[in-house]
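Numbering-wise (full-length UniProt numbering), the sequence shown opens with residue 1 and increments by one. By construction, the Cβ of each residue, glycine as well, lies at the ideal position given by its N, Cα and C atoms. Bear in mind that the values here come from a model prediction, so they are computed numbers and not experimental data. Right, one structure below, let's go through it.
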Amino acid sequence: PKPAPSKSTLPPSVSTSAFASTVPRTYTVGGPARTLGSGSPGAQEDARRKAAEAAEARLSSKKPKGTLGKKLQEEQSQTMKTTRENASEAEIRAREADAAAQARAYN
């Protein structure tokens, strides 16, 4: 039995990346030149139609799911006026609670 050659006695391997970088690449471009946005009008209409359908599908799928979904939809449907009123009521309740706590602490 002949012993296996060690790594130091093996010939150096040729790196394929060094070889590939020395060979020039030829790029071929087919067809006539086009200007930006010069696609066929049918393709643009088709893309617009598909985008509209996707938007409608997203809109129709926003039905509330469960109690958290219903609460979220209620919050999103509030107007600025009702949001301010709710915040004002919460602030008034917080002030009343602070005043009651101070009165209890004083006595």
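query	result
Whole-angstrom distance between Glu45 and Arg84, CA atom to CA atom	44 Å
Collapsed DSSP secondary structure at Ser60 in the structure displayed	helix
Simplified DSSP assignment, three categories, for Arg95	helix
For Leu59 and Lys50, the rounded distance between their alpha carbons	14 Å
Simplified DSSP assignment, three categories, for Thr67	helix
Which of helix, strand or coil DSSP assigns to Gln78	coil
Residues near Ala90 by beta carbon distance below 8 Å, same chain, minus five either side	none
Which of helix, strand or coil DSSP assigns to Thr26	coil
Inter-residue Cα distance where the pair is Ser61 and Ala94	38 Å
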